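Colleague:
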Amino acid sequence: MLSSNPLILVLGLISFAIFFYLLKIRASKNQIESFKNKNRMNWSWLWLRFGRNKPESNIIEGESIEVNDDEQK
Amino acid sequence: MSKHAALDTFGRSGNPVIRSSAFDTRVSSDSERMTLDGAVNKTAIMLAILVTTAAISWNFPSPFMMMISYIGIFAAAISSVVTFGFWMPFIGFIINPRPHLAPKTWLVFAAGEGFFIGLISLSFETMFPGIVLEAVSLTFCVAATLLFLYKSGIVKPSQNFVLMLCSAIFGIFLFYIGSLIYSLVTGVSPEIFSGSSNASIGLSLFIVGIAALSLVLDFDIIEQSAEYGSPKYMEYFGAMALVTTLIWLYIEILRLLAKFRSR
Chain A
1 MLSSNPLILV LGLISFAIFF YLLKIRASKN QIESFKNKNR MNWSWLWLRF
51 GRNKPESNII EGESIEVNDD EQK
Chain B
74 MSKHAALDTF GRSGNPVIRS SAFDTRVSSD SERMTLDGAV NKTAIMLAIL
124 VTTAAISWNF PSPFMMMISY IGIFAAAISS VVTFGFWMPF IGFIINPRPH
174 LAPKTWLVFA AGEGFFIGLI SLSFETMFPG IVLEAVSLTF CVAATLLFLY
224 KSGIVKPSQN FVLMLCSAIF GIFLFYIGSL IYSLVTGVSP EIFSGSSNAS
274 IGLSLFIVGI AALSLVLDFD IIEQSAEYGS PKYMEYFGAM ALVTTLIWLY
324 IEILRLLAKF RSR
């Protein structure tokens, strides 16, 4: 199994470390800002569509109180 | 009383139904939000489980293990279709992706795929000693390079890029199905699929290229999900997507190296 080219193996080990290091860090500002572009792929539909973590309801909950202007006067 | 009481109460819009949060893609509280670290940890755990089950099937090859690996790949295929859905060009999703199921399917997926990968790797290693470690090394070389290109902002997947890539992936999927049917009917796999001719190597290079570009989509899903504060289950979904593509890339590189060696 270890009879392969040692140069490729060393390259693989370095790449493995670089891969996990890069995966942990945030993308560049250039990439993050491109998320707002119109023709840029937006993946938010994946989590906005299903599951219990649906977007919050935009209707404000609570009781409405009727204000009578005549009584205030 | 302030003249802007309505503005103070409801924000910019006077209509309480249209608050500014209506257009916010952040959907969960801080404790339930996805993080980059979480996705990386899940990817590492999935790869560890996959390598463990692959090592089991590698070290104990038997007809029983072969049966386990076939059951494993079948279970992994079902769990991936349930989680990722099934997409066709011009039609769209036939089975919708359900990322919220990823926390339930990831373990079956990783373990099942591992058993199968172990057996495939063993058969290639028996024919061409040393090929497996080379393929693993080259897979991470390609993945690290594309991740660098993505993180630095050199590669930005647009909608057209995703559409073209998904069409190419679907074409390759049809090619795999066609090759499988051909080999079932004739008993021999087609020359262009498993041969070592120039056309076969060219096709393998094309498939490796498409698999490598697919990694960009996985990085993009993980990065956007973390950036928009998506729900926690997207950590599992992103990790599953990334591991699937890494495995696809690994198998294609393995086949490509085997073709080069058998010339």
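These protein sequences, in sequence, are chains A and B. Taking this note's numbering, the leading residue of the first sequence gets 1, the next gets one more, and so forth. Taking this note's numbering, the leading residue of the second sequence gets 74, the next gets one more, and so forth. C-beta: ideal position from N, C-alpha, C; glycine also. In this text, all values refer to a predicted model and were calculated from it rather than measured experimentally.
Between which two residues does the beta strand (DSSP E) harbouring B:Met107 extend?
Modeller: That residue, B:Met107, is in no beta strand (DSSP E); it is neither H nor E in DSSP.
Colleague: Please work out which residues of its chain come closer than 7 Å, Cβ to Cβ, to B:Trp321, disregarding the five sequence neighbours upstream and downstream, and give them in chain order.
Modeller: So the qualifying residues of the chain are Ala284.
Colleague: Counting only Cβ pairs nearer than 9 Å, list the residues of chain B close to A:Ile65.
Modeller: Per Cβ cutoff of 9 Å: no residues; A:Ile65 is ~13 Å from chain B at best.
Colleague: Looking at the strands, I want to know which residues DSSP matches up with A:Arg40.
Modeller: Answer by DSSP bridge pairing, in chain order: B:Ser231.
Colleague: At least one CB of chain B closer than 8 Å to the CB of A:Lys24: is that the case?
Modeller: With 8 Å as the cut-off, A:Lys24 counts as an interface residue toward chain B.
Colleague: Whole-angstrom Cβ separation of B:Val205 and B:Phe197, contact assumed at under 8 Å?
Modeller: B:Val205 to B:Phe197, Cβ: 6 Å. Contact.
Colleague: Give the straight-line distance between the Cα atoms of B:Phe333 and B:Gly275, rounded to the nearest whole angstrom.
Modeller: So the alpha carbons of these two residues sit roughly 11 Å apart.
Colleague: Run through DSSP, which three-state label would A:Ile25 get?
Modeller: In this structure, A:Ile25 counts as coil in the three-state DSSP scheme.
Colleague: Alpha carbon to alpha carbon, what distance is there between B:Glu300 and B:Phe96?
Modeller: Below a pLDDT of 50, predicted positions are generally treated as unreliable, and B:Phe96, at 47, falls in that range; no measurement from the model is reported.
Colleague: Within 8 Å of any Cβ in chain B, is that where the Cβ of A:Asn5 sits?
Modeller: Yes, A:Asn5 counts as interfacial toward chain B.
Colleague: Whole angstroms are fine: how far does the CA of B:Arg328 sit from the CA of B:Phe248?
Modeller: Going from the Cα of B:Phe248 to the Cα of B:Arg328 covers about 15 Å.
Colleague: For B:Gly260, I'd like the list of residues in its chain whose CB is within less than 8 Å of its CB, leaving aside the five on either flank, ordered along the chain.
Modeller: Excluding positions up to five away in sequence, the list is empty.
Colleague: Cα separation between B:Phe137 and B:Thr125?
Modeller: Answer to the nearest angstrom: the Cα atoms are 18 Å apart.
Colleague: Would you tell me roughly how many angstroms separate the C-alpha atoms of B:Ala121 and A:Ile65, rounded to the nearest one?
Modeller: One C-alpha to the other measures close to 59 Å.
Colleague: Do you know offhand how far B:Met140's Cα is from B:Phe246's?
Modeller: Approximately 24 Å between the Cα atoms of the pair.
Colleague: May I ask you to report which of helix, strand or coil DSSP gives B:Ile326?
Modeller: Residue state, collapsed to three classes: helix.
Colleague: Using a C-beta to C-beta distance shorter than 8 Å, which residues of chain A count as neighbours of B:Cys239?
Modeller: Those within 8 Å of B:Cys239 in chain A number zero; the least Cβ separation is about 11 Å.
Colleague: Excluding the five sequence neighbours on either side, which residues of its own chain have a C-beta within less than 6 Å of the C-beta of B:Arg176, listed in chain order?
Modeller: Sequence inspection shows Pro at residue 176 of chain B; the Arg mentioned does not correspond to that position. Taken in chain order, the residues that qualify are Tyr306, Tyr309.
Colleague: If you drop the 5 nearest sequence neighbours on each side, which residues of the same chain put their C-beta closer than 6 Å to that of B:Tyr223?
Modeller: Closer than 6 Å at the Cβ level, and outside the excluded window around B:Tyr223, lie Val289, Phe292.
Colleague: Name, please, each residue of chain A whose Cβ falls closer than 7 Å to the Cβ of B:Val235.
Modeller: Here the neighbours are Met41.
Colleague: Where does B:Tyr323 land, buried or exposed, given buried means 16+ other C-beta within 10 angstroms?
Modeller: That one is buried.
Colleague: Indicate whether at least one CB of chain A lies closer than 8 Å to the CB of B:Leu206.
Modeller: Yes, its Cβ sits closer than 8 Å to a Cβ of chain A.
Colleague: For the region 278 to 293 of chain B, which residues have a CB atom closer than 7 Å to at least one CB atom of chain A, in sequence order?
Modeller: Answer set for the region 278 to 293 of chain B: Asp293.
Colleague: Could you tell me the alpha carbon to alpha carbon distance between B:Gly158 and B:Gly185, rounded to whole angstroms?
Modeller: Rounded to whole angstroms, B:Gly158 to B:Gly185 spans 18 Å at the Cα level.
Colleague: Name the residue from B:Phe279, B:Ser298, B:Leu238 whose alpha carbon lies nearest to the alpha carbon of A:Trp45.
Modeller: Nearest of B:Phe279, B:Ser298, B:Leu238 to A:Trp45, Cα basis: B:Ser298.
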